[in-house]
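Please read the structure below before turning to the comments.
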Amino acid sequence: MRIFDPHIHMTSRTTDDYTRMAAAGVRAIVEPAFWLGQPRTNPGSFTDYFDSLVGWEPYRAAKFGIRHHATIALNPKEAGDPRCRPVLDLLPRYLDKDGVVAVGEIGYDSMIPEEDEAFAAQLAMAVEHGLPALVHTPHRDKARGTQRSLDVVKESGIAPGHVAIDHLNEVTVDLVRDSGCWMGFSIYPDTKMSPPRMVEILKTHGLERMLINSAADWGVSDPLLTRETAEAMLAAGYTDDDVDQVLWRNPVEFYGQSGRLDLSDLDDAASRAAEPTFEGSSILRGGS
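Residue numbers (my numbering): 942 to 1229.
The structure is reproduced here in structure tokens:
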């Protein structure tokens, strides 16, 4: 079984997680830029964070045979903070980098005017750079936030097929399916989706344009819930090919629209990943 987790925050995870993920069949991941839990107070802290997403973290993942890509954005949680707004001016330099496969996470947290502005501006950047967009739907008032997100997407002129609306549930999936956007589901304990619920959604809505992720981060989360969802699909009568479509081919199709998805030589990378070590790394020495 091969797994592509299209939304996971490995900055928050340990090398033990990478080991477990590789053993479970995770071969590729996308790490979206997000809120780190502690408010950032200046654009420089974002610069350091973005540099890590396109430099250190792909290096770390490769040591375990996992291919790492990133999405870059001013996240919704901090889009309303005037100290962080200048980050919008930094984004173009990162959106041109090879390992960046989408603009994200963007969207809403509290649905305030400042978030409207940042959302629209970053969708425009996605169009300008020819990149897909990964949209975060708010934790509160999710149905209204999802509809508002879809309205902004429509107004932006970006093709619906270049947009993934994430963190969906049974209440919001119909809205997104009818829009033509991709449907993202975070298999995340307690607050989002569980594997059995996800299987029921697949039974009702099919496999097309479905993206299943762990969204694992600094909260109570599990980077192996993609694998558990795959096993739940098999137990429910889905075939290996069905699982491969949802857990591999769908995210490849979505992020492949960037023209930057590099999944070459993954078998060789996995075979070289035994007993990873960081000693002597040029990154640790400050090299490029």
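The beta carbon of each residue, even a glycine, is placed where N, CA and C say it ideally should be.
Quick caveat: nothing in here was measured; it's all calculated off a predicted structure.
Selected residue, minimal CA-CA separation from residue i, among the options
i: residue 990; options: 1032, 1127 and 1074; result: 1032
i: residue 1127; options: 1144, 1118, 1146 and 1106; result: 1106
i: residue 984; options: 1196, 1028 and 1183; result: 1028
i: residue 1097; options: 1080, 1205, 1113 and 1059; result: 1059
i: residue 1044; options: 1038, 1056, 1064 and 1034; result: 1064
i: residue 1054; options: 973, 1070 and 1026; result: 1026
i: residue 1149; options: 1159, 1172 and 1183; result: 1183
i: residue 945; options: 1153, 1101 and 1161; result: 1153
i: residue 1119; options: 1147, 1056 and 1139; result: 1147
Spatial neighbours of residue i in its chain, beta-carbon cut-off 8 angstroms, leaving aside the 5 residues before and after
i: residue 1221; result: Only weak support is given to the placement of residue 1221: the predicted model assigns it a pLDDT of 40, under 50, and the value that follows is read from those uncertain coordinates. So the list is empty, once near-sequence residues are dropped.
i: residue 938; result: Residue numbering for the chain in the displayed model covers 942 to 1229; residue 938 lies beyond these limits and cannot be assessed.
i: residue 1002; result: 951, 959, 970, 1008 and 1009
Cβ-Cβ separation, residue j to residue i (assumed contact under 8 angstroms), whole Å
i: residue 1132; j: residue 1075; result: Not really, about 19 angstroms apart at Cβ, beyond 8 angstroms.
i: residue 965; j: residue 1165; result: 5 angstroms
i: residue 1238; j: residue 1136; result: As displayed, the chain neither begins before 942 nor continues past 1229, which places residue 1238 out of reach and without an answer.
As assigned by DSSP and simplified to three states, the class of residue i
i: residue 975; result: coil
i: residue 1203; result: coil
i: residue 1080; result: coil
i: residue 957; result: helix
i: residue 1092; result: helix
i: residue 942; result: coil
i: residue 1110; result: coil
i: residue 1197; result: helix
i: residue 1065; result: helix
i: residue 1075; result: strand
i: residue 1040; result: coil
Residues of its chain near residue i, where Cβ-Cβ distance is below 7 angstroms and the 5 sequence neighbours each way are ignored
i: residue 1226; result: Annotation note: pLDDT 33 at residue 1226 (below 50); position unreliable, no value reported.
i: residue 1134; result: 1110, 1126, 1127 and 1128
i: residue 1038; result: 995
Contact set for residue i: own chain, Cβ-Cβ below 6 angstroms, skip 5 residues either direction
i: residue 1087; result: 1078, 1113 and 1116
* To do: Would you list, in sequence order, the uninterrupted alpha helix (DSSP H) runs of no fewer than 4 residues that lie entirely inside the region 981-1026?
  => If we require 4 residues or more, the alpha helix (DSSP H) runs fully inside the region 981-1026 come out as 984-995, 997-1003 and 1017-1020.
* Which full runs of the alpha helix (DSSP H) of 4+ residues lie inside the region 1108-1169, going along the chain? -> 1114-1120 and 1136-1146
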